[in-house]
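When we follow full-length UniProt numbering, the leftmost residue of the sequence shown carries the number 1, and every step to the right adds one. Here's the structure, in structure tokens; my notes come after.
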Amino acid sequence: MNAGDEVVAAPAGPPHPLDWKFSQVFGERTAGEEVQEVDIISAIEFDKSGDHLATGDRGGRVVLFERTDTKDHGASRRDLERMDYSISRHPEFRYKTEFQSHEPEFDYLKSLEIEEKINKIRWCLTANGALFLLSTNDKTIKFWKVQEKRVKKISEMNIDLSKSMGNGCIASSSNSSSSRPYLANGGSPERSYNYISNDFSFPPGGVPSLRLPMVVSSHESSLVARCRRVYAHAHDYHINSISNNSDGETFISADDLRINLWNLEISSQSFNIVDVKPANMEDLTEVITSAEFHPTHCNMLAYSSSKGSIRLVDLRQSALCDSHSKLFEEQEAPGSRSFFTEIIASISDIKFGKDGRYILSRDYMTLKLWDINMDSGPVATFQVHEYLRPKLCDLYENDSIFDKFECCLSGDGLRVATGSYSNLFRVFGCAPGSAEATTLEASKNPMRRQVPTPSRPSRSLGNSLTRVVRREAPGVDANGNSFDFTTKLLHLAWHPTENSIACAAANSLYMYYA
Numbered sequence: 001m002n003a004g005d006e007v008v009a010a011p012a013g014p015p016h017p018l019d020w021k022f023s024q025v026f027g028e029r030t031a032g033e034e035v036q037e038v039d040i041i042s043a044i045e046f047d048k049s050g051d052h053l054a055t056g057d058r059g060g061r062v063v064l065f066e067r068t069d070t071k072d073h074g075a076s077r078r079d080l081e082r083m084d085y086s087i088s089r090h091p092e093f094r095y096k097t098e099f100q101s102h103e104p105e106f107d108y109l110k111s112l113e114i115e116e117k118i119n120k121i122r123w124c125l126t127a128n129g130a131l132f133l134l135s136t137n138d139k140t141i142k143f144w145k146v147q148e149k150r151v152k153k154i155s156e157m158n159i160d161l162s163k164s165m166g167n168g169c170i171a172s173s174s175n176s177s178s179s180r181p182y183l184a185n186g187g188s189p190e191r192s193y194n195y196i197s198n199d200f201s202f203p204p205g206g207v208p209s210l211r212l213p214m215v216v217s218s219h220e221s222s223l224v225a226r227c228r229r230v231y232a233h234a235h236d237y238h239i240n241s242i243s244n245n246s247d248g249e250t251f252i253s254a255d256d257l258r259i260n261l262w263n264l265e266i267s268s269q270s271f272n273i274v275d276v277k278p279a280n281m282e283d284l285t286e287v288i289t290s291a292e293f294h295p296t297h298c299n300m301l302a303y304s305s306s307k308g309s310i311r312l313v314d315l316r317q318s319a320l321c322d323s324h325s326k327l328f329e330e331q332e333a334p335g336s337r338s339f340f341t342e343i344i345a346s347i348s349d350i351k352f353g354k355d356g357r358y359i360l361s362r363d364y365m366t367l368k369l370w371d372i373n374m375d376s377g378p379v380a381t382f383q384v385h386e387y388l389r390p391k392l393c394d395l396y397e398n399d400s401i402f403d404k405f406e407c408c409l410s411g412d413g414l415r416v417a418t419g420s421y422s423n424l425f426r427v428f429g430c431a432p433g434s435a436e437a438t439t440l441e442a443s444k445n446p447m448r449r450q451v452p453t454p455s456r457p458s459r460s461l462g463n464s465l466t467r468v469v470r471r472e473a474p475g476v477d478a479n480g481n482s483f484d485f486t487t488k489l490l491h492l493a494w495h496p497t498e499n500s501i502a503c504a505a506a507n508s509l510y511m512y513y514a
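In structure tokens form, the structure reads like this:
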């Protein structure tokens, strides 16, 4: 090799599969313990920093957790990593506070009960040390402020003469022309007050029964959650999504047929920006299932439908965004249509990647990764429930086919995750060439149901990369155990900057790291 020749580095291969470990659990059930319906977790969300985690449950409560392992070192984890500080401990969270966000209501006009169940939680920008978040049930969105406040206490009731002298109530004044003594309560022993009664006068030393409380701020503090605003009466159908805009001022809420745009400061009105309701409801063919703002472009949002399509909307085009700027959908294979085709094609959740380039969608059978610059089809498809295809009739009978599983992306965009039955969740690698496909159980031993790495993904026509993961026999899980459709892991969230996942199994919150 000549001295002038350049050394060309070999291209880096796909990242190695992560080794997931159990971190902690909140609300763990003992064997045989019955789970109360109101305690089942229905929403999970990390804030942008990853230092706080919020969960909502079917009882209308919001529970906040805060990270503790970075605080002990006196600096943020990111700063410590820049200094090459070795952090041996895994991410740790602790219970911070909880509050009742929603109560059960009754709509007397429609004779409908409105559940208190929290459907979604979204963190807003922090300000002055206070945390802000949005929570919603089926009909009403609330804007909450959680702030630490000093506890005020009454230190003493009776005024002490020596203390009062130090507080400006002095026995004699040098500025005064008179040298008459004054009492602690402002009275003068030489002066009678005749407005009470003609024969009443203050005794020397004042009135001992006069009690004046002194309120002081103690060193103790407590977290106070206060509802700042209530955004109500804007949705005829159940709210399925709320999403903050990157401008920090607005957010959207979506139900089955409409998407409304709100200003955080104004709760009395909203603007309807998407309306898919037909003039005749008999002509209704699809409904909105999820909606989310672009993470950096405040004028763009995406929403998914029950027909398996995703529409990208540009708010600059028109006030009413019924016409989309881009449509993402996968054409069904000829001859594959059946009674269940549309049901399993319905998208239950969509998430933008951190940079906004990719959209992850979850339908009943698969996870799909879409490039917003390529609307011909998904760039990757991950098989999650393919083994359930022969059991679709049974799943339809017990309504499991309508379960809405959420999905999430890692902060670096290299992996995606979603839940399944038997309290299992799946992590897939989506980097080029990656064949990572890990099955984990929401328990203290997450790798208990681990399976061998599947065969390499096969490339389909065009630029689409389809991962075919064939692990399970029909009706059983990876280890040959029959599947339990009553225990399902619907909700999970990925930490925004680290490989850490929080997931909900009934009323228990499990956390894992890699």
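Beta carbons are placed, not taken as given, at the ideal position from N, Cα and C, and that holds for glycine. Small disclaimer: the values here were computed from a predicted structure and weren't measured.
Rounded straight-line distance, which links the Cα of residue j to that of residue i
| i | j | result |
| --- | --- | --- |
| Q100 | V62 | 6 Å |
| V146 | D39 | 22 Å |
| A291 | V216 | 48 Å |
| D51 | L264 | 23 Å |
| C298 | W144 | 22 Å |
| Q317 | S325 | 9 Å |
| L109 | D236 | 12 Å |
| E45 | F132 | 13 Å |
| R229 | I252 | 15 Å |
| E148 | L492 | 28 Å |
| T285 | Y387 | 28 Å |
| L212 | K21 | 59 Å |
| E397 | K391 | 10 Å |
| A502 | K444 | 13 Å |
| V469 | P17 | Reliability fails at V469, whose pLDDT of 36 lies under 50, so the model's placement of it is uncertain and no value is given. |
| T140 | A232 | 5 Å |
| F26 | F293 | 31 Å |
| A380 | F425 | 18 Å |
| S164 | M214 | Confidence is the limiting factor: at S164 the pLDDT is only 46, short of 50, which leaves the residue's position unreliable and the question unanswerable from this model. |
| L395 | T250 | 39 Å |
| H385 | T366 | 7 Å |
| D138 | N240 | 7 Å |
| A504 | I41 | 6 Å |
| R58 | K120 | 11 Å |
Beta-bridge pairing of residue i - partner residues as DSSP gives them
| i | result |
| --- | --- |
| S290 | S304 |
| G429 | R415 |
| D56 | Looking at the sequence provided, one finds Gly at residue 56 rather than Asp. Answer is A43, V62, bridged to G56. |
| V216 | K153 |
| D314 | M300 |
| D51 | Looking at the DSSP assignment, D51 forms no beta bridge with any residue, so it has no partner. |
| W370 | I359 |
| I114 | E105 |
| Y512 | F22, I501 |
| S253 | I242, N260 |
| S221 | R150 |
| N272 | N260 |
| D349 | R362 |
| Y95 | F65 |
Beta-carbon proximity of residue i to residue j, cut-off 9 Å
| i | j | result |
| --- | --- | --- |
| F405 | K488 | yes |
| P91 | Y513 | yes |
| E113 | E105 | yes |
| A506 | R29 | yes |
| I347 | S336 | no |
| K277 | L261 | no |
| L409 | K354 | yes |
| S270 | I288 | no |
| residue 563 | C124 | In the structure displayed, the chain extends from 1 to 514; residue 563 sits before or after that span and is not available. |
| L64 | K96 | yes |
| D275 | D314 | no |
| Y303 | A254 | yes |
| S446 | Y510 | The sequence as given places Pro at residue 446; Ser does not occur at that position. Against a cut-off of 9 Å, the Cβ pair of Y510 and P446 comes out as a contact. |
| residue 532 | F328 | Nothing can be reported for residue 532: it is not among the residues displayed for the chain, which extend from 1 to 514. |
| E332 | A345 | yes |
| G411 | P496 | yes |
Range of the contiguous alpha helix (DSSP H) that encloses residue i
| i | result |
| --- | --- |
| L134 | From DSSP, L134 is part of no alpha helix (DSSP H) but of the beta strand (DSSP E) over 131-136. |
| I239 | From DSSP, I239 is part of no alpha helix (DSSP H); its letter is neither H nor E. |
Best match in the options for proximity to residue i [C-alpha to C-alpha]
| i | options | result |
| --- | --- | --- |
| A442 | I344, E249, T418 | T418 |
| S338 | T366, R389, L315, E330 | R389 |
| R122 | P17, K307, L392, N244 | N244 |
| E116 | F402, R415, G248, E37 | E37 |
| S246 | V384, T296, Y231 | T296 |
| D399 | F340, L312, I266, N499 | F340 |
| I343 | F483, S221, A232, F402 | F402 |
| T136 | E220, D412, I242 | I242 |
| W494 | A279, F483, G413, T438 | G413 |
Start and end residues, beta strand (DSSP E) containing residue i
| i | result |
| --- | --- |
| I259 | 258-263 |
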